[in-house]
Structure formats: C-alpha cells, structure tokens
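Structure, as structure tokens:
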Amino acid sequence: MQLSKMPRKTRRRSRKYQKKSPEVLKTARSHIDRYFKLAREVASENHGLANRYVTLARKVAMKFKIRLTSPQKRLFCPHCYRFLLPGKNLRVRVHEHRVIYYCLDCKKFWRKPVGKK
Ligand SMILES: [Zn+2]
16 MQLSKMPRKT RRRSRKYQKK SPEVLKTARS HIDRYFKLAR EVASENHGLA
66 NRYVTLARKV AMKFKIRLTS PQKRLFCPHC YRFLLPGKNL RVRVHEHRVI
116 YYCLDCKKFW RKPVGKK
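Numbered according to my numbering, the sequence shown spans residues 16 to 132.
So, in structure tokens, the structure goes:
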C-alpha cells in the first residue's frame, strides 16, 4: 500500500497569517509614531541612535503590515534607511522642477517632482 502516492486532499484556502485586531494595530501605530518622534529628538546629538529608532519603527511596521505615512517616509533614506538630517547627511537641491535629495551616507539620490508652473 502506497500511502504517499494517494492524492492529497485539496488544501483549504485559509489565511496564512492571523489578521491583527484593530486595537493591536492602533498600539503598533502609536509605537511607530513614538519611534520617529524619538529619532527626531536624538538625531542632532546621537545619529546612531536615531538610525536605530528608524530600524525599530520599520520593523514594527513590517511585522504588522502597516504602511508608513508620507511624512514618516521622508525622515529616512529609501536606500540605506538611515535617519536623514538636512545639512548633515542629506543634501537638498532644486533642479528643473524637481527636488533632488542626495544621501551623503550611501551616496544615492532620489528625485521628487514639484509643481510646474
Ligand atoms: Zn542613504
């Protein structure tokens, strides 16, 4: 008797992960908020700690599948995820109706269009 060759029962379509309750998501969001706030506060004195807070905030967001808001996304580099401090590790230039951000840590840049008149 070959049990292994028997057709397997079709797998029920179920969620691979448990959907989180709204309260949990709310708590997670407030944690993310706090991490970014802390990062902003310590950034000028302790840049390494600010980077750490960004990492933690991103980790929480990924775990709970929370999208970061656009002001939150503007706080760190989209390439190396370091906290951005204009004048310290971020260069901002305007060129041909675009704002060009240049990260001095990973030497990468990204552009953002601004309203053309
Ligand atoms: Zn970078």
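Every residue gets a Cβ at the ideal spot worked out from N, C-alpha and C, and that includes glycine.
Neighbourhood of residue i by C-beta, 7 Å cutoff - its chain only, sequence neighbours within 5 removed
| i | result |
| --- | --- |
| Pro-101 | Val-107 |
Other residues of its chain near residue i: CB distance less than 6 Å, five sequence neighbours each side excluded
| i | result |
| --- | --- |
| Gln-87 | Phe-51 |
| Ala-76 | Ile-47, Leu-83 |
| Ala-54 | Ala-65, Tyr-68, Val-69, Phe-98 |
| Ala-58 | Ala-65, Phe-98, Leu-100 |
| Lys-127 | Val-114 |
Endpoints, beta strand (DSSP E) assigned at residue i
| i | result |
| --- | --- |
| Ile-115 | 113–118 |
| Lys-123 | 123–128 |
| Arg-106 | 105–110 |
Residue interval of the alpha helix (DSSP H) (run including residue i)
| i | result |
| --- | --- |
| His-62 | 62–78 |
| Arg-49 | 37–57 |
Legend entry - Sequence-ordered residues whose beta carbon comes within less than 5 Å of a heavy atom of ligand 1: Cys-92, His-94, Cys-95, Cys-118, Asp-120, Cys-121
Legend entry - the stretch 82–97 touching the stretch 116–129, judged by at least three CB pairs closer than 8 Å: As far as the Cβ criterion goes, the stretch 82–97 touches the stretch 116–129, which means the pair count is three or higher.
Inset, instruction - Tell me, please, whether the stretch 109–118 touches the stretch 66–73 by the rule of three or more beta-carbon pairs shorter than 8 Å. - result: no
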